[in-house]
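Report on the structure given below.
In this note's numbering, the protein residues as written are 2 to 830.
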């Protein structure tokens with residue numbers, strides 16, 4: 002398509018005249034681009050491109066120059082989409098807008114996510130394009146999922162009223178026509194009372210009321226789409242029921258135009274088909290509303306009001322009115338309104354909805370609190386640090402909504418097929434009618450009508466369009482309830498191709514901070530006394546190992562004595578007097594230097610070293626007192642998680658900057674297959690490449706120092722800290738803080754992809770198998786011809802099956818049994 006008007010793009014990174022010159026020369030050198038004008042003040046580049054391909058080439062040139070055109074992404078709510086063919090037409094209409102880079106239309110969510118070039122187009126142009134294609138669109142806001150659920154509930158209520166009205170009108174039609182065929186007594190009763198001709202007139206009136214009342218939307222949408230050359234599901238229903246209705250009108254009011262052998266009415270087919278399809282749509286609306294259940298649960302975690310200090314008083318204000326630095330009071334039992342920092346009070350906060358930990362977390366001055374968590378028995382006053390869309394809860398909701406709207410690679414094939422499916426079905430229906438008219442037995446016209454209408458009705462591609470997106474929505478929603486947040490929906494499919502799971506050690510496999518793990522005493526010394534003395538000395542040191550020792554002593558409530566004459570001996574250890582007692586703490590070389598005999602504890606020290614511990618000696622008044630083991634402990638769930646990954650057929654590797662001896666000790670303890678040790682953060686990318694060897698690799702890190710590796714892996718999985726959910730480099734974010742979430746992510750992926758494949762096999766297999774049956778392929782051998790009424794019922798059942806099968810994903814159980822250290826997320830309850 003030739004583009005005559007100039008395109009204006011918003012350009013990033015231009016800061017000086019040299020930048021302008023480079024952009025100008027780069028665009029002018031691009032084939033098909035002319036009339037280039039670059040404006041530094043406005044940060045824009047204007048040019049004329051001859052074709053959409055030339056515009057794409059200009060954008061690629063800007064990217065390569067380092068001055069990319071700004072992109073924006075917008076989500077549209079699309080109405081009137083009823084089948085996979087509608088999805089294809091909306092996609093095609095939006096993609097045709099100049100400047101659009103990517104389109105993702107989701108039938109289950111009734112949305113379209115569009116990425117476009119700022120300046121080349123805008124949201125209004127996208128709305129107009131969708132409207133012109135026959136699908137009214139509006140901009141979706143932050144509450145789109147909740148609005149969609151409410152809309153579906155309202156739609157279901159409207160549809161149930163339409164179903165009841167249509168059924169009340171259609172049942173008498175069905176009884177008069179089909180009942181007469183099935184029961185000779187009823188046939189005679191009709192003949193002897195009102196007569197068959199009057200019976201047909203009554204059926205005509207009742208069927209007309211069904212079609213212009215509850216069934217009106219099929220014709221209002223179906224015929225215009227057909228006239229535009231873009232038939233959809235409504236077109237199939239409109240043509241099929243319209244043909245049966247018109248045939249019956251001719252038989253009723255102009256019987257002389259038909260041979261007596263084919264003079265029959267099919268009012269009951271038209272009326273009952275509409276009833277059955279309306280029932281199917283009602284069930285679809287109810288099921289679609291339930292696909293957003295996870296988002297609804299998340300939204301309900303957000304309180305509507307907060308108690309804020311203003312001018313020395315505590316007042317209630319709406320959450321939407323909160324601002325950063327507002328001082329907020331959380332009373333006992335309140336939900337925390339927004340993210341903040343405690344400035345007064347102490348309490349315990351239930352953070353299970355974020356971290357999955359069932360034990361409430363103690364909060365005091367300086368601690369952070371998270372939106373949506375529940376305050377315990379104490380009272381807290383905190384200063385808001387993140388409000389509105391920046392809160393942790395809002396980020397989670399946004400992340401889940403984005404992933405639910407994703408288009409998986411498997412959907413591409415479905416889209417290509419369904420775009421031409423409805424026209425192909427109409428062609429098959431026409432061919433069916435022609436074959437029956439030429440080769441069919443008498444009354445051939447009647448058989449041709451029945452078979453043609455059955456083909457049109459049974460082949461509606463609703464199930465095809467719903468097969469993938471409904472499973473994605475429900476699966477990703479359930480994953481969120483389990484504390485597994487898919488930032489990128491296609492990771493759901495990619496996880497199924499993973500062969501190797503690479504784990505960062507610190508903070509992922511281990512707790513991420515040293516802890517005192519062992520205290521082996523020499524004869525004549527008491528544990529509490531030795532630990533108190535050592536901790537008193539180490540309190541003067543800032544080394545992480547010293548902090549671990551002090552932390553353990555304080556946790557055990559040991560009193561720390563008065564320290565004098567503290568000396569730090571670089572490379573050896575520390576020395577001090579504690580309440581007059583001489584204490585040495587350090588490596589074996591410190592003991593040798595000071596003449597302290599350590600032979601009694603050299604064996605335990607060697608054992609600790611083999612286990613990967615950092616070993617220190619402690620001497621009291623010149624006598625060896627203890628050997629101390631300090632290590633970064635393995636998280637309680639790591640061993641079980643790695644065993645579960647092995648059971649899935651996956652190899653597990655660990656990448657760490659630690660010494661090989663320490664890393665291999667941990668690997669032996671928890672069953673890791675392969676260790677890459679001594680790796681600096683920037684070397685993790687190369688380590689991943691070394692692990693690939695033809696396999697897809699997932700990398701699991703803490704999301705802080707592991708961004709390059711998370712981005713480089715085929716699937717990057719970040720273990721969140723409970724509040725750190727906006728990890729841009731990861732495909733998946735785990736809220737629980739340990740490796741069980743990795744196993745659960747694989748479980749959700751496996752179950753969801755299996756569910757999608759079941760749906761697709763059903764949706765395509767259903768059409769492949771039943772279209773020939775509807776066309777009459779069984780008639781020559783078995784004398785069977787599918788009734789249009791049964792075809793309508795089968796079509797409705799197909800869509801309901803797909804939706805019901807997808808909804809089973811709401812009950813996916815965590816792959817690992819939860820342990821006392823980390824219970825299931827409250828979102829799952």
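Beta carbons are placed, not taken as given, at the ideal position from N, Cα and C, and that holds for glycine.
Where do the ends of the beta strand (DSSP E) carrying residue 655 lie? Element bounds for residue 655: 652-656.
Are at least three pairs of beta-carbons, each pair with one atom in the region 424-440 and one in the region 693-707, less than 8 Å apart? Three or more Cβ pairs closer than 8 Å define a contact, and the region 424-440 falls short of that threshold against the region 693-707.
With a cut-off of 8 Å, do at least 3 Cβ pairs link the region 504-524 to the region 769-778? No, they do not touch.
Note down the Cα distance separating residue 746 from residue 504, rounded to an integer number of angstroms. Spanning the two alpha carbons is a distance of roughly 15 Å.
Which of helix, strand or coil DSSP assigns to residue 712: Three-state result, residue 712: helix.
Between residue 577 and residue 541, how many whole angstroms is the CB-CB distance? I'm expecting something under 8 Å. That belief holds up - the Cβ atoms of residue 577 and residue 541 are roughly 7 Å apart, short of 8 Å.
Beta-bridge partners of residue 387, as assigned by DSSP: 340, per the DSSP bridge assignment.
Report yes if the CB atom of residue 681 is closer than 8 Å to the CB atom of residue 713, and no otherwise. In this structure, residue 681 keeps its C-beta atom at 8 Å or more from the C-beta atom of residue 713.
Taking C-alpha atoms, which residue in 371, 463 and 431 lies nearest to residue 415? Nearest option by C-alpha distance: 463.
What span of residues does the beta strand (DSSP E) with residue 308 cover, start to end? Start and end: 306-311.
Which of the three DSSP states is assigned to residue 443 in this structure? Note: residue 443 maps to coil in three-state DSSP.
Are the Cβ atoms of residue 627 and residue 616 separated by less than 8 Å? No, they are not a contact pair.
By Cβ distance below 7 Å, which residues in the same chain neighbour residue 362 in space, the five residues on each side in sequence not counted? For residue 362, the CB contacts under 7 Å within the same chain, skipping 5 residues up- and downstream, are 349, 350 and 352 in chain order.
Give the DSSP-derived three-state secondary structure of residue 505 in the structure shown. Residue state, collapsed to three classes: strand.
Could you tell me whether the region 118-134 touches the region 95-107, where touching means 3 or more Cβ pairs closer than 8 Å? Result yes; three or more Cβ-Cβ pairs closer than 8 Å.
Looking at the structure shown, is residue 782 part of a helix, part of a strand, or coil, going by DSSP? In the structure shown, the three-state DSSP call for residue 782 is helix.
Where do the ends of the beta strand (DSSP E) carrying residue 528 lie? Taken as a continuous stretch (DSSP letters only), residue 528 belongs to no beta strand (DSSP E), being part of the alpha helix (DSSP H) at 528-539.
Assign residue 421 to buried or exposed, taking buried as 16 or more other Cβ atoms, counted over all protein chains shown, within 10 Å of its Cβ. When all chains shown are included, residue 421 counts as exposed.
For the region 156-175 against the region 275-289, are there 3 or more C-beta pairs whose distance is under 8 Å? Between the region 156-175 and the region 275-289 there are three or more inter-stretch CB-CB distances shorter than 8 Å, so the stretches are counted as touching.
Inspect the beta-carbon positions of residue 718 and residue 707 and report whether they are closer than 8 Å. For residue 718 and residue 707, no; Cβs fall outside 8 Å.
Judging by CA-CA distance, which residue of 661, 570 and 610 is the nearest neighbour of residue 595? Per the Cα distances, 570.
Relative to the C-alpha of residue 454, which candidate in 795, 798, 333 and 237 has its C-alpha closest? Closest by alpha carbon: 237.
C-alpha gap between residue 313 and residue 84, whole angstroms: In this structure, the CA atom of residue 313 is about 58 Å from the CA atom of residue 84.
Neighbourhood of residue 744 by C-beta, 7 Å cutoff - its chain only, sequence neighbours within 5 removed: Excluding residues within five positions, the ones whose Cβ falls inside 7 Å are 642, 645, 646, 816 and 817.
In its own chain, which residues sit with a C-beta less than 6 Å from the C-beta of residue 703, not counting the 5 before and 5 after it? 508, 509 and 720, listed in sequence order.
So what does residue 674 bridge to, in DSSP terms? Answer is none; residue 674 lacks a bridge partner.
As assigned by DSSP and simplified to three states, the class of residue 598: Correct three-state label for residue 598: coil.
Take the Cβ of residue 785 as the centre, count every other Cβ of all protein chains shown within 10 Å, and call the residue buried at 16 or more, exposed below. Looking at its Cβ environment, which holds fewer than 16 other Cβ atoms inside 10 Å, residue 785 is exposed.
Nearest-angstrom beta carbon gap, residue 76 and residue 122 [assumed within contact, 8 Å]: Wrong, their Cβ atoms sit about 15 Å apart, outside the cutoff.
Bridge partners for residue 318 per DSSP, in chain order? In the DSSP output, where bridge partners are listed per residue, residue 318 has 307.
Pick from 43, 53, 89 and 11: whose alpha carbon is nearest that of residue 63? Residue 63 has its Cα closest to that of 11, out of 43, 53, 89 and 11.
Can you have a look at residue 155 and say buried or exposed, based on whether 16 or more other CB atoms are within 10 angstroms of its CB? Label assigned to residue 155: exposed.
Name the one or two DSSP bridge partners that residue 364 has. For residue 364, which the question treats as bridged, DSSP gives the partners 348.
Straight-line Cα distance separating residue 299 from residue 723: Reliability fails at residue 723, whose pLDDT of 43 lies under 50, so the model's placement of it is uncertain and no value is given.
Measure the CB-CB distance between residue 653 and residue 674 and report whether it falls below 8 Å. If you check the CB distance, residue 653 and residue 674 come in under 8 Å.
For residue 494, name the three-state secondary structure that DSSP assigns. The DSSP-derived three-state label of residue 494 is helix.
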